[in-house]
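Note sheet for the following structure.
2 protein chains.
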Amino acid sequence: MNTLFFANALLPNGWARNVRLDIDPAGNFAAISADSRPDGAARVDGVAIPGMPNLHSHAFQRAMAGLTETVGSAPGGVEDSFWTWREVMYRFVGKLEPDDLRAIATQLYAEMLCSGYTAVAEFHYLHHDVDGRPYADPAEMSRAVAEAARTAGIGQTLLPVLYASGGFGGKPAGDVQRRFLHTVDDYLRLVATLERAYRDDPQIRVGIAPHSLRAVPPETLREAIVGLDAIDQDAPIHIHIAEQTKEVEDCLAWSAQRPVDWLLQHAPVGPRWCLVHATHMTGQETAALAASGAVAGLCPTTEANLGDGLFPLVAYLAANGRYGIGSDSHISVSPVEELRWLEYGQRLVTRRRNVAAQGWATGPGAATGAGLHQRALTGGAQACARPIGALGQGRRADLVVLDPDHPILAGRDGERLVDSYVFSGNAAVVRHVMVGGEWVVRDGRHRDGERIAEAYRQTVKRLAA
Amino acid sequence: MNTLFFANALLPNGWARNVRLDIDPAGNFAAISADSRPDGAARVDGVAIPGMPNLHSHAFQRAMAGLTETVGSAPGGVEDSFWTWREVMYRFVGKLEPDDLRAIATQLYAEMLCSGYTAVAEFHYLHHDVDGRPYADPAEMSRAVAEAARTAGIGQTLLPVLYASGGFGGKPAGDVQRRFLHTVDDYLRLVATLERAYRDDPQIRVGIAPHSLRAVPPETLREAIVGLDAIDQDAPIHIHIAEQTKEVEDCLAWSAQRPVDWLLQHAPVGPRWCLVHATHMTGQETAALAASGAVAGLCPTTEANLGDGLFPLVAYLAANGRYGIGSDSHISVSPVEELRWLEYGQRLVTRRRNVAAQGWATGPGAATGAGLHQRALTGGAQACARPIGALGQGRRADLVVLDPDHPILAGRDGERLVDSYVFSGNAAVVRHVMVGGEWVVRDGRHRDGERIAEAYRQTVKRLAA
Numbered sequence: 141m142n143t144l145f146f147a148n149a150l151l152p153n154g155w156a157r158n159v160r161l162d163i164d165p166a167g168n169f170a171a172i173s174a175d176s177r178p179d180g181a182a183r184v185d186g187v188a189i190p191g192m193p194n195l196h197s198h199a200f201q202r203a204m205a206g207l208t209e210t211v212g213s214a215p216g217g218v219e220d221s222f223w224t225w226r227e228v229m230y231r232f233v234g235k236l237e238p239d240d241l242r243a244i245a246t247q248l249y250a251e252m253l254c255s256g257y258t259a260v261a262e263f264h265y266l267h268h269d270v271d272g273r274p275y276a277d278p279a280e281m282s283r284a285v286a287e288a289a290r291t292a293g294i295g296q297t298l299l300p301v302l303y304a305s306g307g308f309g310g311k312p313a314g315d316v317q318r319r320f321l322h323t324v325d326d327y328l329r330l331v332a333t334l335e336r337a338y339r340d341d342p343q344i345r346v347g348i349a350p351h352s353l354r355a356v357p358p359e360t361l362r363e364a365i366v367g368l369d370a371i372d373q374d375a376p377i378h379i380h381i382a383e384q385t386k387e388v389e390d391c392l393a394w395s396a397q398r399p400v401d402w403l404l405q406h407a408p409v410g411p412r413w414c415l416v417h418a419t420h421m422t423g424q425e426t427a428a429l430a431a432s433g434a435v436a437g438l439c440p441t442t443e444a445n446l447g448d449g450l451f452p453l454v455a456y457l458a459a460n461g462r463y464g465i466g467s468d469s470h471i472s473v474s475p476v477e478e479l480r481w482l483e484y485g486q487r488l489v490t491r492r493r494n495v496a497a498q499g500w501a502t503g504p505g506a507a508t509g510a511g512l513h514q515r516a517l518t519g520g521a522q523a524c525a526r527p528i529g530a531l532g533q534g535r536r537a538d539l540v541v542l543d544p545d546h547p548i549l550a551g552r553d554g555e556r557l558v559d560s561y562v563f564s565g566n567a568a569v570v571r572h573v574m575v576g577g578e579w580v581v582r583d584g585r586h587r588d589g590e591r592i593a594e595a596y597r598q599t600v601k602r603l604a605a
Numbered sequence: 141m142n143t144l145f146f147a148n149a150l151l152p153n154g155w156a157r158n159v160r161l162d163i164d165p166a167g168n169f170a171a172i173s174a175d176s177r178p179d180g181a182a183r184v185d186g187v188a189i190p191g192m193p194n195l196h197s198h199a200f201q202r203a204m205a206g207l208t209e210t211v212g213s214a215p216g217g218v219e220d221s222f223w224t225w226r227e228v229m230y231r232f233v234g235k236l237e238p239d240d241l242r243a244i245a246t247q248l249y250a251e252m253l254c255s256g257y258t259a260v261a262e263f264h265y266l267h268h269d270v271d272g273r274p275y276a277d278p279a280e281m282s283r284a285v286a287e288a289a290r291t292a293g294i295g296q297t298l299l300p301v302l303y304a305s306g307g308f309g310g311k312p313a314g315d316v317q318r319r320f321l322h323t324v325d326d327y328l329r330l331v332a333t334l335e336r337a338y339r340d341d342p343q344i345r346v347g348i349a350p351h352s353l354r355a356v357p358p359e360t361l362r363e364a365i366v367g368l369d370a371i372d373q374d375a376p377i378h379i380h381i382a383e384q385t386k387e388v389e390d391c392l393a394w395s396a397q398r399p400v401d402w403l404l405q406h407a408p409v410g411p412r413w414c415l416v417h418a419t420h421m422t423g424q425e426t427a428a429l430a431a432s433g434a435v436a437g438l439c440p441t442t443e444a445n446l447g448d449g450l451f452p453l454v455a456y457l458a459a460n461g462r463y464g465i466g467s468d469s470h471i472s473v474s475p476v477e478e479l480r481w482l483e484y485g486q487r488l489v490t491r492r493r494n495v496a497a498q499g500w501a502t503g504p505g506a507a508t509g510a511g512l513h514q515r516a517l518t519g520g521a522q523a524c525a526r527p528i529g530a531l532g533q534g535r536r537a538d539l540v541v542l543d544p545d546h547p548i549l550a551g552r553d554g555e556r557l558v559d560s561y562v563f564s565g566n567a568a569v570v571r572h573v574m575v576g577g578e579w580v581v582r583d584g585r586h587r588d589g590e591r592i593a594e595a596y597r598q599t600v601k602r603l604a605a
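Protein sequences appear in the order of chains A and B.
Residues 141 to 605, numbered by the numbering used here, are exactly what the first sequence covers, in order.
Residues 141 to 605, numbered by the numbering used here, are exactly what the second sequence covers, in order.
Here it is in structure tokens:
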């Protein structure tokens, strides 16, 4: 048994002093006690908070960051939008081999750890060889991202993506999507293979990700969920939804329903589900999504970069909706940049302040940053379907040690410290990071950062050539 | 003569290779030549870009960052807004002594340097003792912020603020504003004193800052400008304007004109001027401001934090308007966070991408991040009224060395490198920083960072007590 001692730590019931954390050999918190003595424990100099789950990642896109901020970077000369960005992404995806994906994902995950993310839900859609044929091992690409998580030392919810059609109504997929496609039977075989491979690994959980309503026809969606239930009836289900107004229009044209409305009425949406983006909802859809118990997967920096729009957070929190955050395209890799801009988007449209404090705590003293942070921990853990997101008995021993001597946090404690971290913080205030009972970041440096970065640099240079 | 050599540098006409920069003993670029040989020069490992001017700062507010993100943090129980934030700021301001201001500003400026800002326009309104009486030396607080700039090693445009009334129509100021107030005669004496004190310091330029139309009645504004012209007829003039819709309403009620409209018609607004925020403008005001040659002082992270609203950037750029960026309240201290969220605000409302590339360059290949960055260099230098903002002969030798080996920049060069820096960057990619020919940041560390941080921590802890 390894025991840590912190002068200050954020426990499930709030801030506590003189906290002992007992960690068992499997990497779980065996016992946690506040107002304790440090005898025999390893004192850690800093403030302990839970590690943040990152509930939406397309790891390979990290290597594209900054390459699509260019007018007309897609063919055709049309106005830049999500859809022209997607063309550039498709061209990039056409070049990646398993070793490239492994190197990019490992570097990305190391950066996530340094910034305070300790778990990631990898929405993984790049399955097949460059010509669209399955690899000799059809799980080769999925294993590459799982190995990246192991090497970097981050927890992972591995979500192989089901992609079956190129648009609503079963429109055939295009050649650019050839590396993503599965029949539902082949897809379920892949899911079962992965579930068997990682069943005994406490750091990896397998779930599914029907890509979107435009990529998965209704009958295919139904079959995938039935198939998943036969493998693991608690496994998480993530889906992209209502990110773009064009998607809403196309869904209306196809079904006379909006995407979130359609999904809530045609699929067993509940706490296992994570609806990624859900940007464009009516008030009725917003309330219904909140009532479902599903998690909204919010990705503020990517949604801003792609010009998607703003999630209706005020109405969603009023209905007690659950959310977590994801860095998605990884244009930014920072939990605090996601959280503050989630709040700021609402402030800019409502012209009020401290919007997301609503529903977290009310009345004077409710701390907006602390509320944003706590909701994202809870919702993110639910979406990842792993015992994470809190310093609590039986959970994975994932934690972030903030540097209370950093000027950004100087003189702050408790909720004010979280507010300063969320609104003014960055990776420089993250001192150490532990995942599953192992230190993966010490003094701001990843345990294997130099080797991982060098492999990444070689990969990016080769891809650019 | 000190000579530096860079394999890659961003010169006024674009990216150049094998660049020699000759720096004279006064800290100016004496000569710059591309396609040169490194003989006898000090080779610097990294990519040189101009340092970014920060055109709007209230230094003391840095120590409040994270303390106002709390529901009902102002008295009265009213809905949180800019105006309740201001109440908290007024309470904080009531406690500060000159040594506190010096310690806070020095730490802030050191952080600015580490993040890539090399100059700051300090909009300085905290003049008098806690009881509202002038200090024995009426310039004491102004000298404190100038000394902070010297100690940290950042260039400064020192803008003592004229604050004379508590609202439109000469409404008397309140007791909470007692530390800010001057008669115009006393104010001009302060400006003249400071101009004499720093006339021969190439690192400091003095200008004026009429606080806002609500704090400076028309006749007072006229007298201040006439008085400034007698001291220095090229000195810069900065003013807060149209940050809040209530300010627009109050101005309309008082004058039947909107603030920007009123100012453009009643003051000699031109290239000497910086209109800070200018958030709420009609199309006509937007075009007229652009035509004036003044600089719009945009502060995206503060404007979002305060719930101000979004600047009409698309229309302003279409009219060839000039802008620079400021960190204002210092809730974030990062030029790249300002730049990307300036662009993202527009993307979120227009649902398009690469909005700010417009007017910078057109057609395929125009790089949005490079355009955002270049405009902010040029506009920021104009607003600071100092020879900065470019690696060019006769300019101050201010530069930022980016780390091309950082994974965020790996495999990028030229405009793509700037795009990756702006959209995915952070302080970790800033390797070295030079101001006025002196290295102030090496390998990410400020030359006097530990001592400055310790003084800051002591100050913040004392203020919190």
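Ideal placement from N, C-alpha and C gives every residue a C-beta, glycine not left out.
In this model, B/Val316 and B/Leu457 are separated by some 39 Å (Cα to Cα).
Counting every other CB atom within 10 Å of its CB across the protein chains shown gives B/Gly447 a total of 16 or more, marking it as buried. Within its own chain, the residues whose Cβ lies closer than 8 Å to the Cβ of B/Val211, once the five positions on either side in sequence are excluded, are Asp220, listed in chain order.
Of all alpha-carbon atoms in A/Glu237, A/Gly410 and A/Gly554, the one lying nearest the alpha-carbon of A/Leu150 is that of A/Gly554. What B/Glu219 touches in chain A, judged by beta-carbon distance under 7 Å, is Arg492, going in chain order. Taking all protein chains shown into account, B/Arg412 has 16 or more neighbouring C-beta atoms within 10 Å of its C-beta and is therefore buried.
Those residues of the segment 541–557 of chain B placed with their C-beta closer than 9 Å to a C-beta in chain A are Asp545, His546, Pro547, Ile548, Leu549, Ala550, Gly551, Arg552, Glu555, Arg556 and Leu557, ordered along the chain. In this structure B/Glu425 is buried. Its beta-carbon is surrounded by 16 or more other beta-carbon atoms within 10 angstroms.
Listed in chain order, the non-local C-beta contacts of B/Pro178 below 7 Å within the same chain comprise Phe145, local neighbours out to five positions each way being set aside. The alpha helix (DSSP H) runs of length 4 or more contained entirely in the segment 408–481 of chain B are, from start to end of the chain, 423–432, 440–445 and 453–458. In the pairwise beta carbon analysis, the segment 393–408 of chain B is classified as not touching the segment 337–347 of chain B: fewer than three pairs are separated by under 8 Å. A straight line joining the alpha-carbon of B/Met281 with that of B/Leu302 spans about 14 Å.
Using a Cβ-Cβ cut-off of 8 Å, A/Asp559 is close to Gly206, Leu207, Glu209 and Thr210 of chain B, given in chain order. Taking the C-beta atoms as reference points, A/Ser467 is found no nearer than 9 Å to A/Ser173.
When the five nearest sequence neighbours on each side are left out, the beta carbons in the same chain lying within less than 6 Å of the beta carbon of A/Leu328 are those of Gly367, in order along the chain. Under DSSP, A/Gly154 takes part in a beta bridge, and its partners are A/Leu151. When 8 Å is used as the limit between beta carbons, B/Arg597 is near these residues of chain A: Asp545, Pro547, Ala550 and Gly551, in chain order. Listed in chain order, the alpha helix (DSSP H) runs fully inside the segment 329–407 of chain B are 358–371, 385–395 and 399–406, counting runs of at least 4 residues.
Your pair B/Glu209 and A/Asn494 checks out as a contact, with CB atoms roughly 6 Å apart and the cut at 8 Å. Going by C-alpha positions, A/Gly565 is about 10 Å away from A/Ser255. In this structure, the beta-carbon distance from A/Glu383 to A/Val409 does not fall below 9 Å. Taking a Cβ-Cβ threshold of 7 Å, none of the residues of chain A is close to B/Trp155; the smallest such distance is about 15 Å. Contiguous alpha helix (DSSP H) elements confined to the segment 260–308 of chain B occur at 280–292, taking only those with 4 or more residues. When DSSP states are grouped into helix, strand and coil, A/Pro193 belongs to the strand group.
Using beta-carbon distances, A/Glu389 does not count as an interface residue toward chain B, since no partner is under 9 Å.
The segment 541–553 of chain B and the segment 228–243 of chain B do not touch, with fewer than 3 CB-CB distances between them shorter than 8 Å. Taking A/Ala250 as the centre and dropping the five residues before and after it, the same chain places the C-beta of Ala292, His586, Gly589 and Ile592 closer than 7 Å to its C-beta, in chain order. The alpha-carbon separation between A/Arg480 and B/Tyr463 amounts to approximately 24 Å. Between B/Phe169 and B/Gly509 a beta carbon distance of about 25 Å is seen, past the 8 Å cut, so the two are scored as non-contacting. Checking the DSSP bridge columns, you'll see B/Asn142 partnered with B/Ile163. With a cutoff of 9 Å on beta-carbon distance, B/Gly437 and B/His378 are scored as near each other. Distances from the alpha-carbon of A/Asp545 to those of B/Arg582, B/Leu517, B/Glu594 and B/Val569 put B/Glu594 closest. Under the 10 Å beta carbon count, A/Met141 is surrounded by fewer than 16 other beta carbons and is classified as exposed. If you compare the alpha carbons of B/Ala521, B/Ala506 and B/Thr599 with that of B/Gly295, the shortest gap goes to B/Ala521.
Under DSSP, B/Trp579 shares a beta bridge with B/Met574.
Shortest Cα-Cα distance from A/Tyr257 to any of A/Ala243, A/Arg571 and A/Arg273 involves A/Arg571.
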